[in-house]
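**Q** Pasting a structure here, questions to come.
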Amino acid sequence: MPGQNPYIAQGNVRLPTRKYKLTIIDENKREHVIEVDPARIPYDEHGLDGSILGTAMGCGVSLDHACGGVCACSTCHIIVRKGLETCNDATDDELDQLENAAGLTVQSRLSCQCVPNGESDVVVEIPAWNRNLAREGHG
Ligand code: FES
Numbered sequence: 004m005p006g007q008n009p010y011i012a013q014g015n016v017r018l019p020t021r022k023y024k025l026t027i028i029d030e031n032k033r034e035h036v037i038e039v040d041p042a043r044i045p046y047d048e049h050g051l052d053g054s055i056l057g058t059a060m061g062c063g064v065s066l067d068h069a070c071g072g073v074c075a076c077s078t079c080h081i082i083v084r085k086g087l088e089t090c091n092d093a094t095d096d097e098l099d100q101l102e103n104a105a106g107l108t109v110q111s112r113l114s115c116q117c118v119p120n121g122e123s124d125v126v127v128e129i130p131a132w133n134r135n136l137a138r139e140g141h142g
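Right, here's the structure in full:
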């Protein structure tokens, strides 16, 4: 399947069966609201099917994703402000990568590995200073 690392366990992913609202707060504090339609999953080839990264990219909302969405970096770090309980559990591989993310919180996830099941709306935030640091580091 596209956007998945065959050597990484996929965890307990459950795809949504009904529409839910995904709000992404970008680095400029702008809100992007996406009505996620299960019939359109996957929106994009990045990350796990139904992942926040793939859905965002497929809807024109840009998220950093240096490794292409295969759980091999930490640039797609997001903070899940609402609806974290509706998302699949992070695998050990995801937690290992997250340890490298700046500004780690208990609500942190890799957006390419985070798949909401649609049981409630989800609000995520892109950590702004994290992105800026990464960009400065790469010129
Ligand atoms: S894009 Fe690299 S881990 Fe998500």
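Numbering (this note's numbering), first residue to last: 4 to 142.
We put the CB at the ideal spot given by N, CA and C, even for glycine.
Being a predicted model, the structure only gives us computed values, none of them experimental.
By DSSP, does Thr26 sit in helix, in strand, or in coil?
**A** In this structure, Thr26 counts as strand in the three-state DSSP scheme.
**Q** Let me have the residue list for the ligand FMN: C-beta closer than 7 Å to any non-hydrogen atom, ordered along the chain.
**A** This structure does not include the ligand FMN; its bound ligands are the ligand FES.
**Q** Could you please give me the residues that DSSP links to Ser111 through a beta bridge?
**A** Its beta-bridge partners are Ile82.
**Q** In this structure, what does DSSP give as the bridge partners for His49?
**A** In the DSSP output, where bridge partners are listed per residue, His49 has none listed.
**Q** What does the alpha-carbon distance come out to for the pair Glu97 and Leu113?
**A** If I take the Cα positions, the gap works out to 7 Å.
**Q** Based on Cα-Cα distance, which residue from Glu34, Leu101, His80 and Gly61 lies nearest to His68?
**A** Looking at the Cα atoms, His80 is the closest of the given residues.
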